[in-house]
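Comments concern the structure below.
2 protein chains.
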Amino acid sequence: MITIRDIAREAGVSVSTVSRVLSGKPDVSQATAVRVQAVIDHHAFEANRNARFLKQADTSTILVVVKGRHNLLFASMVESVQAAITEAGLSTAVSYIDEDGDEVAHAERLVPELKPQGTILLGVDAGHLMRSGKRVGVSLPTVLLTNVVRSSTHPLVSSVATDDVASGAEAITYLVSRGHRDIGVVGGDPVTSAISANRLDGARRGLSDQGLSLEDRWVATRFSMSSGHEATTALLSAHPELTAIYAMSDIMALGALRALHDLGLRAPGDVSVIGHDGVELASYVVPSLVTLRQPQDQMARRGVDILLALIAGGEAVHEVLPVELVPGESVRDWR
Amino acid sequence: MITIRDIAREAGVSVSTVSRVLSGKPDVSQATAVRVQAVIDHHAFEANRNARFLKQADTSTILVVVKGRHNLLFASMVESVQAAITEAGLSTAVSYIDEDGDEVAHAERLVPELKPQGTILLGVDAGHLMRSGKRVGVSLPTVLLTNVVRSSTHPLVSSVATDDVASGAEAITYLVSRGHRDIGVVGGDPVTSAISANRLDGARRGLSDQGLSLEDRWVATRFSMSSGHEATTALLSAHPELTAIYAMSDIMALGALRALHDLGLRAPGDVSVIGHDGVELASYVVPSLVTLRQPQDQMARRGVDILLALIAGGEAVHEVLPVELVPGESVRDWR
DNA sequence: CTGAAAGCGCTTACAG
DNA sequence: CTGAAAGCGCTTACAG
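Going line by line, the protein sequences match chains H and E.
Following the working numbering, the numbering of the first sequence begins with 2 at its first residue and continues without gaps.
Following the working numbering, the numbering of the second sequence begins with 2 at its first residue and continues without gaps.
Right, here's the structure in full:
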C-alpha cells in the first residue's frame with residue numbers, strides 16, 4: 002500500500018511537507034507544492050483516513066445521522082444537506098441507523114472517531130437527545146431536522162421542523178373543506194413517536210374545531226406500505242362509514258390506496274386519501290396523492306446554515322417552517 | 002474521551018489485556034476477563050475504530066459497495082446481504098457511491114482503510130472492474146451482485162446475477178403471449194450500462210423470435226421515475242400504435258404508468274406495461290405491476306456464501322439465477 | 001496468562 | 001518555508 006512516506010521519498014521532501022500539501026496548508030512554497038502535488042496526482046494518492054482522523058484534532062466534517070433507512074423523505078433531505086455542506090466547503094459523513102436503534106448512543110460513539118465540527122440528526126427525538134446526549138448537543142453543535150424542540154435545556158441544540166400539530170389539523174381541515182365528515186387516521190405510534198402524537202393531536206383538534214370527533218377511528222402502526230395497507234383494511238372493516246383517510250406519511254398513504262383497491266373501493270370515488278411529507282413518488286402514483294409537503298430542500302439548507310452559525314458561536318434557534326398542501330387526485334368532494 | 006488506557010487503569014490490568022478482552026481473544030483468564038468486561042460495560046466503552054483499523058492487519062469486515070443511492074432493488078438486497086454477513090459472524094461496512102462515480106477507484110481507496118476480508122459490489126460493471134481493479138478482485142475476494150461476469154481473468158472474482166438477455170426476451174415473450182405485437186422499450190443507456198444493453202438485446206431477440214421487430218421503438222434514458230415518464234411520453238407520441246411497453250426497471254415503469262395517465266391513456270386498457278426487478282412497491286401501485294423479479298434475497302445470500310467460500314480459498318463461481326415473472330394488473334390481453 | 005514495547009499512517013507543535 | 005520528533009488509540013508479536 003502506498004503511504005505518505007512513499008510520496009515524500011519520491012518527491013524528495015519530508016513527510017510533514019506532503020501532509021501540508023495534502024491538507025492545503027498555506028505554509029509551503031509554490032514550487033514545492035507543485036512538485037509534491039504532481040507526485041500525489043500521479044499515484045492518485047489519498048491519505049488514510051483512519052490515521053488522519055486518529056491524529057487530527059479538528060476535522061472539517063459534519064456528521065449526519067439518519068434514523069430509518071427506508072424513509073423517502075429523509076433520503077431526499079440527506080441529499081440536500083450533503084449538497085449544502087459541500088457548498089460550505091466541508092465534508093459529510095452520513096451514518097444510517099435502524100428505526101428502533103439507539104441513535105443518540107450511535108452518534109456519541111461516532112463523535113470521537115470522526116471528530117466532526119457539528120452534527121445533523123434526522124428523525125431523532127428531542128427528548129431522547131436531551132436525556133442521553135453527553136457530547137452531542139452539549140459540547141457538539143447539533144441540529145435536529147424534522148423534529149421540533151419544545152424547550153431546550155441545551156444551548157448547542159437547534160432545530161428545523163414543521164409544526165406537526167398544525168399539519169395534522171390542516172390535513173383534516175382540508176378534508177372537511179371538501180365535504181368529508183367521517184374521517185379516519187392511519188399513523189405511527191403516538192407513544193413512541195412524538196411526531197405521530199402531534200399529528201394525531203392536530204387531527205383531533207381539526208375535527209373538534211368542526212364539531213366532529215375522531216373517537217376510535219384511528220390506527221397506530223409503522224411507517225411502511227404494508228403497515229398502511231393493513232391498518233387501512235382494519236380501519237375500514239371496523240368503520241365502513243369512513244369517506245376519507247389521513248395517512249401520516251405518503252408511504253402509508255400508498256399502502257392505503259392499495260388497500261382500498263383490494264377492498265373493491267375506489268380512490269377517490271369511494272374513499273379519499275391525504276398523505277403527509279410530499280415525497281416525489283406521491284406525484285407519480287395514480288391517483289396522485291394530495292399531501293402535506295414538508296419543504297425538504299429548504300429545511301435541509303436552513304439546517305446546515307443554522308449549524309454553521311452554531312459552530313461559529315451563534316445562538317441556538319428553533320425554526321418552524323410551514324407545510325404546503327400539494328393538490329392531487331386522491332381526494333374528491335363529498336356530497 | 003475515554004480510552005483503552007482508562008479502562009486498563011480502572012481494571013488494574015495492562016492495555017494489552019483490555020485489548021484481548023475487547024476482541025474476545027481466548028488467552029485471558031476467566032477471572033480477569035470478567036473483571037475487565039465489567040469495567041468495559043460500566044463505561045459502555047467501544048474501541049476507537051480509527052485506531053483499530055489503522056493497526057489491525059486483518060479485520061472481520063466485509064465491504065459492501067453500492068452504486069446508486071436511489072435503487073430500490075439494491076436497497077432491499079443490501080439488507081439481505083447485511084443480514085447474511087451478520088449471521089456469519091462478520092461485520093459489514095456499506096458504502097454508497099453516485100451512479101456516475103468511479104466505483105472501482107472508490108472501493109480501492111476504502112480497502113487499505115477498512116482492510117476487509119472481502120467485498121461485495123452491487124451494480125458494478127464487470128469489465129470496468131477487470132480493467133481498473135488493482136486489489137479488488139485481484140488480491141481481495143470479490144463478488145459482483147446483479148452484474149454478470151462473462152469471461153473472468155480474475156481468480157478472485159465471483160458473481161451472482163440473472164441473465165439479462167434472457168430476461169429481456171422473457172418480458173417481450175410474455176407481452177406477445179398476451180397478444181401484443183406493437184411493443185416499445187424504455188430502458189437505460191446501452192452504451193454505458195451493460196445490463197441495459199443485454200436487456201435491450203434480449204428484447205430484440207424476443208421480438209424477432211416472433212417475426213416482429215423493435216426498430217426505433219425504444220428510448221434510452223436514466224433509471225428514474227421522471228426519466229421513465231419522459232421517455233414514455235416521447236415514445237408514445239412518436240409511436241401511437243404501441244399497445245405495450247417494457248420498462249427496464251420498476252421505477253421507470255411507475256414513471257411510464259403516470260405518463261400514460263397524463264396522456265389520457267389507460268393502463269392496461271389502452272397500453273400495457275411490464276417492469277423489471279420486482280421491488281415491493283410494484284405490488285402496491287394500482288394497477289399492480291407485472292414485473293420480472295430478481296430473486297433478491299436468494300441472490301444476496303448466495304453472494305455472501307460464495308464470498309465466504311472464496312475467502313476460505315475456494316474457486317470463483319459465476320452463478321446465474323432465474324428471474325420470476327410476477328403477475329399483476331398492468332398487462333391485459335390484446336385483441 | 002500477562003505486560004512492555006513497537007508500530008500502524010498520519011498531523012502538528014517546535015525548531016531552525 | 002522545511003524537517004525531525006512526538007503522539008493519536010489501538011493491536012500484536014515477543015518475553016516471561
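For each residue, glycine too, the CB sits at the ideal point set by N, CA and C.
Residue interval of the alpha helix (DSSP H) (run including I86 of chain H) = L73 to E88
inquiry  = the ligand MG and T62 of chain H: does any heavy atom of the ligand fall closer than 8 Å to the residue's C-beta?
reply    = No copy of the ligand MG occurs in the structure displayed, which carries no ligand at all.
A1 of chain E: contacting residues in chain H (beta-carbon distance under 8 Å) = The question about residue 1 of chain E has no answer here: the residues shown for chain E are numbered 2 through 336.
request  = Compute the Euclidean distance between the alpha carbons of P117 of chain E and A162 of chain E, then round it to the nearest angstrom.
outcome  = 23 Å
task = Measure the Cβ-Cβ separation of E325 of chain E and G279 of chain E and say whether it is below 9 Å.
result = yes
query = Mind checking if L91 of chain E is an interface residue toward chain H, Cβ cutoff 9 Å exclusive?
reply = no
task = Flag this pair as yes or no: are the beta carbons of V137 of chain H and L122 of chain H separated by less than 9 Å?
result = yes
key: Contacting residues, own chain, Cβ-Cβ under 6 Å from W219 of chain H (five flanking each side not counted)   = V186
Residue from H:H155, H:R132, H:S133 and H:R151 whose Cα sits closest to the Cα of T143 of chain H = H:H155
task = Following the continuous beta strand (DSSP E) through I246 of chain H, name the residue where it begins and the one where it ends.
result = A245 to A248
ask   = Mind checking if S227 of chain H is an interface residue toward chain E, Cβ cutoff 9 Å exclusive?
value = yes
query = By a C-beta neighbour count over all protein chains shown, 10 Å radius and 16 as the cutoff for buried, is V35 of chain H buried or exposed?
reply = exposed
query = How many angstroms separate the CA atom of E231 of chain E from the CA atom of P113 of chain E?
reply = 43 Å
CB contact check: A76 of chain E to chain H, cutoff 9 Å = yes
request  = Assign G102 of chain E to buried or exposed, taking buried as 16 or more other Cβ atoms, counted over all protein chains shown, within 10 Å of its Cβ.
outcome  = exposed
request  = Report yes or no: is there a C-beta of chain H within less than 9 Å of the C-beta of Y247 of chain E?
outcome  = no
query = Is DSSP giving S273 of chain E helix, strand or coil here?
reply = strand
key: For V158 of chain H, the nearest candidate out of H:P328, H:E330, H:I312 and H:L322 (CA to CA)   = H:I312
message = Considering just the uninterrupted stretch of the beta strand (DSSP E) at T292 of chain H, what are its terminal residues?
response = V291 to R294
request  = Return the bridge partner residues of T143 of chain H from the DSSP annotation.
outcome  = H:T120 and H:V158
key: Beta-bridge partners of K68 of chain E, as assigned by DSSP   = E:I98
E171 of chain H: first and last residue of the uninterrupted alpha helix (DSSP H) it sits in = D165 to S178
inquiry  = Quick check on the burial criterion: 16 or more other C-beta atoms within 10 angstroms. Buried or exposed for G207 of chain H?
reply    = buried
request  = Alpha carbon to alpha carbon, how far is T120 of chain H from A1 of chain H? Give it in angstroms, no decimals.
outcome  = The structure shown has nothing for residue 1 of chain H, since chain H only spans 2 to 336.
inquiry  = Run through chain E and tell me which residues come within less than 9 Å of G256 of chain H, C-beta to C-beta.
reply    = Y285
request  = Taking all protein chains shown into account, decide if I3 of chain E is buried (16 or more other Cβ within 10 angstroms of its Cβ) or exposed.
outcome  = exposed
ask   = Expressed to the nearest angstrom, what Euclidean distance is found between the alpha-carbon atoms of S96 of chain E and E80 of chain E?
value = 13 Å
query = How big is the Cα-Cα spacing for S160 of chain H and P191 of chain H?
reply = 21 Å
Inter-residue CB distance, G65 of chain E and A94 of chain E (contact presumed, cutoff 8 Å) = Checking the sequence shown, residue 65 of chain E turns out to be Val, not Gly. Contact flag correct, Cβ pair sits at about 7 Å.
key: Outcome for T1 of chain H when other beta-carbon atoms lying within 10 angstroms are tallied against a minimum of 16   = Past the edges of chain H, shown from 2 to 336, lies residue 1 of chain H, and the structure says nothing about it.
inquiry  = Across the region 299-309 of chain H and the region 259-266 of chain H, are there enough close Cβ pairs to call them in contact, namely three or more that are closer than 8 Å?
reply    = no
request  = Quick one: residues in its chain with C-beta nearer than 7 Å to the C-beta of A235 of chain H, no 5 flanking neighbours on either side, listed in chain order?
outcome  = V220
task = Using a Cβ-Cβ cut-off of less than 7 Å, give me the residues of the region 107-136 of chain H that come near chain E, in sequence order.
result = R110, P113 and E114
message = So, with DSSP's three-state summary, where would you put H230 of chain E?
response = helix
request  = Measuring alpha carbon to alpha carbon, tell me which of E:R179, E:A239, E:G188 and E:R200 ends up nearest Q211 of chain E.
outcome  = E:R179
ask   = What does H277 of chain E touch in chain H if you count any residue whose Cβ is under 9 Å from its own?
value = By Cβ distance, chain H contributes nothing, its closest Cβ being about 17 Å from H277 of chain E, past 9 Å.
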